[in-house]
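**Student:** Residue numbers (UniProt numbering): 1 to 115.
Just passing along the structure, written as structure tokens.
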């Protein structure tokens, strides 16, 4: 049974590494700040969570389960909030979106454009 958890843990770790690699490629391929922040925020949360869960599967104890739960929860919250804060600050500093973006819902929330 421990061999099964070892293989599943390694698979989860490699899946997390693959997800982070794809997001790193997205940093170079995506055209603007907003797409980059969205891709990295989403994949960083998921990729790191996969790596933590994989490490937990390889060395399971109840204490490690508690640590992994806290680490995954903190990573999911921090990556989502952080990436959206970066995108919002870029928008407030007039970082233009790519030409493929044609809907600008945040424009209606800007006070400096309505005064």
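Backbone N, C-alpha and C fix where the C-beta goes; we use that ideal spot for every residue, glycine too.
Given 8 angstroms as the limit, is there contact between the stretch 65–85 and the stretch 6–21, that is, 3 or more CB pairs closer than that?
**Tutor:** Segments in contact, no.
**Student:** Applying the criterion that 16 or more other CB atoms from any shown protein chain within 10 Å of the CB defines a buried residue, is residue 43 buried or exposed?
**Tutor:** Classification for residue 43: buried.
**Student:** Any heavy atom of the ligand PLP inside 7 angstroms of the beta-carbon of residue 43?
**Tutor:** With respect to the ligand PLP, the structure shown offers nothing to examine, as it has no ligands at all.
**Student:** Along the chain, where does the alpha helix (DSSP H) containing residue 66 start, and where does it finish?
**Tutor:** 62–92 is the extent of the alpha helix (DSSP H) around residue 66.
**Student:** Going by the CB atoms, is the gap between residue 33 and residue 82 shorter than 8 angstroms?
**Tutor:** No. Outside cutoff.
**Student:** Which value, in whole angstroms, describes the spacing of the CA atoms of residue 36 and residue 8?
**Tutor:** About 30 angstroms.
**Student:** What is the DSSP secondary structure of residue 96, reduced to helix, strand or coil?
**Tutor:** Reduced to three states, the DSSP call for residue 96 is coil.
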